[in-house]
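Some notes on the structure that comes next.
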Amino acid sequence: TVVVPLQNALLFAGYGAGERWAKSLAAQSTTQQQQQQHPSLLPVFVGGCAGGVLQSFVVSPFELVKIRQQQPGGGMPMTLAVRELSARLGSGVLWRGLGATLLRDGMPHGVWFVAYEWSKRHLAAHYAGAAAGGAGGAAAAEGAGGKAAAVPAVVPVCAGAFAATVAWGVGYPFDTIKTRIQAAAVLRGVGGVGAGVEAAAPGVVETAAAMVKESGGNVFKAFYRGFHLKLLRSVPASAVCFFAYEESRRCFFDQYV
Numbered sequence: 318t319v320v321v322p323l324q325n326a327l328l329f330a331g332y333g334a335g336e337r338w339a340k341s342l343a344a345q346s347t348t349q350q351q352q353q354q355h356p357s358l359l360p361v362f363v364g365g366c367a368g369g370v371l372q373s374f375v376v377s378p379f380e381l382v383k384i385r386q387q388q389p390g391g392g393m394p395m396t397l398a399v400r401e402l403s404a405r406l407g408s409g410v411l412w413r414g415l416g417a418t419l420l421r422d423g424m425p426h427g428v429w430f431v432a433y434e435w436s437k438r439h440l441a442a443h444y445a446g447a448a449a450g451g452a453g454g455a456a457a458a459e460g461a462g463g464k465a466a467a468v469p470a471v472v473p474v475c476a477g478a479f480a481a482t483v484a485w486g487v488g489y490p491f492d493t494i495k496t497r498i499q500a501a502a503v504l505r506g507v508g509g510v511g512a513g514v515e516a517a518a519p520g521v522v523e524t525a526a527a528m529v530k531e532s533g534g535n536v537f538k539a540f541y542r543g544f545h546l547k548l549l550r551s552v553p554a555s556a557v558c559f560f561a562y563e564e565s566r567r568c569f570f571d572q573y574v
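Mapping the sequence shown onto this note's numbering, position 32 (from 1) lands on 349, and the numbers just tick up by one.
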């Protein structure tokens, strides 16, 4: 809970920086009119990936500590859990699972933003067309002065829910692998295994291969166990997140632009 505000700040800061960089590159090869008529989703994808990668460096160590606190006898303050793991497995243990976290939060966040933007555009065009009696749907989405007209609240809510489903469909296997890697590190620490086993710790590929073998070759069973529970939490959260984002953005533009 403590890390969520920082995580979101890094995510959207990285998203903005990545999107601006990708747009600047696109501007060199396309005209402004082409960009307005056919806005590309590539800058959205690049921005999402950048934001996801940036937040990973904060999220990964906190999730490792959270796993320790959830183990038997783990009801301890965060600082004590960090000291315990570092003392038994070395300070580098806090970055255990970072590779899988980068895979989970990098490209899937690009997919998350792209899925949201794609869904929002189509839903907004649908509502605009319906409001105009089926005529000039895309044009009706534009208000006076070329500004985007307000869309019903159901648009960001539905688009956010859709985006979470698609993004976690891509990223959930890496989340499962990350949890397995970090849980193994925590169990070694709780069991009193020293830092000498650090080099022998399995990575992403080794862990994934072991999980597939344990599931009898069933990839879905290996990597998507508990997927429905993840969606029960992430879909409403994504819908609320994008609704709040769009409302905040609308209020800001109404006030200052």
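For every residue, glycine included, the Cβ atom is placed at its ideal position computed from N, Cα and C.
Ser-357 counts as exposed, since fewer than 16 other beta carbons sit within 10 angstroms of its beta carbon.
Taken through DSSP and simplified to helix, strand or coil, Met-528 comes out as helix.
Here the alpha carbon of Gln-324 sits roughly 5 Å from the alpha carbon of Gln-372.
Taking all protein chains shown into account, Thr-396 has fewer than 16 neighbouring C-beta atoms within 10 Å of its C-beta and is therefore exposed.
DSSP, read as helix, strand or coil, puts Pro-360 in helix. Taken through DSSP and simplified to helix, strand or coil, Arg-542 comes out as coil. Closest in C-alpha terms to Gly-333, from the list Gly-423, Arg-550, Gly-364 and Ala-417, comes Gly-364. Sequence-distant Cβ neighbours of Pro-519 in its own chain, meaning closer than 8 Å and more than five residues away, are Ile-498, Ala-501 and Ala-527. As the crow flies, the alpha-carbon of Phe-379 is around 8 Å from that of Val-320.
DSSP places Asn-535 outside both helix and strand once states are collapsed to three, so it counts as coil. Collapsing the DSSP output to three states places Gly-368 in a helix.
Contact between the segment 428 to 443 and the segment 473 to 488 is present, with at least three C-beta pairs closer than 8 Å. Under the Cβ criterion (8 Å, minimum of three pairs), the segment 400 to 409 does not count as touching the segment 483 to 497. Looking at the backbone, the Cα of Tyr-573 and that of Tyr-562 are separated by about 16 Å.
Rounded to whole angstroms, the separation of the alpha carbons of Pro-360 and Trp-338 is 8 Å. Sorting Arg-385, Lys-530, Ser-341 and Asp-571 by C-alpha distance to the C-alpha of Arg-505 places Arg-385 at the top. In this structure, DSSP gives Gly-520 a state outside helix and strand, which the three-state scheme calls coil. The criterion of a C-beta distance shorter than 8 Å is satisfied by Arg-542 and Thr-493. For Gly-369, the CB contacts under 6 Å within the same chain, skipping 5 residues up- and downstream, are Asp-422, Gly-423 and His-426 in chain order.
Contact between Leu-420 and Val-529 does not hold, since the beta-carbon distance rounds to 16 Å and is not under 8 Å.
Distance from the CA atom of Phe-560 to the CA atom of Arg-567, rounded to whole angstroms, is 11 Å.
Around the Cβ of Trp-412, a 10 Å sphere holds fewer than 16 other Cβ atoms; the residue is exposed. As the crow flies, the alpha-carbon of Gly-533 is around 46 Å from that of Leu-342.
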